[in-house]
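A short worksheet on the structure shown next.
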Amino acid sequence: MVWVQHSDGDLERDSEPWQYVPELARQDSEPLVHKTYGDSFEDTELEALLAEQR
1 MVWVQHSDGD
11 LERDSEPWQY
21 VPELARQDSE
31 PLVHKTYGDS
41 FEDTELEALL
51 AEQR
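Going by UniProt numbering, the first residue of the sequence shown is number 1, and it counts up by one from there.
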């Protein structure tokens, strides 16, 4: 599992609305990718993380 979390001008990083809902609990072993574009691969390490998990 790889988590992807978006932030931008309307959804500021570390703000209350930016947080995951309590029902979703990320494990420390699960990678987290932060993104600022609509495309999860643009300017992130997502592609490399997915390649490692093959």
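The beta carbon of each residue, even a glycine, is placed where N, CA and C say it ideally should be.
With C-beta atoms as the reference, is Glu30 less than 8 Å away from Val2? yes
Closest residue to Asp10 among Glu52, Tyr37, Val21 and Val33 (Cα-Cα distance): If you compare the alpha carbons of Glu52, Tyr37, Val21 and Val33 with that of Asp10, the shortest gap goes to Tyr37.
Spatial neighbours of Arg26 in its chain, beta-carbon cut-off 6 Å, leaving aside the 5 residues before and after: Around Arg26: Trp3.
Go ahead and pull the three-state DSSP assignment for Leu49. helix
Considering only residues of the same chain and omitting the five flanking positions on each side of Arg13, which have a CB-CB separation below 6 Å? Close CB contacts of Arg13 within its chain, under the 6 Å cut and outside five residues either way in sequence, are with Ser7 (chain order).
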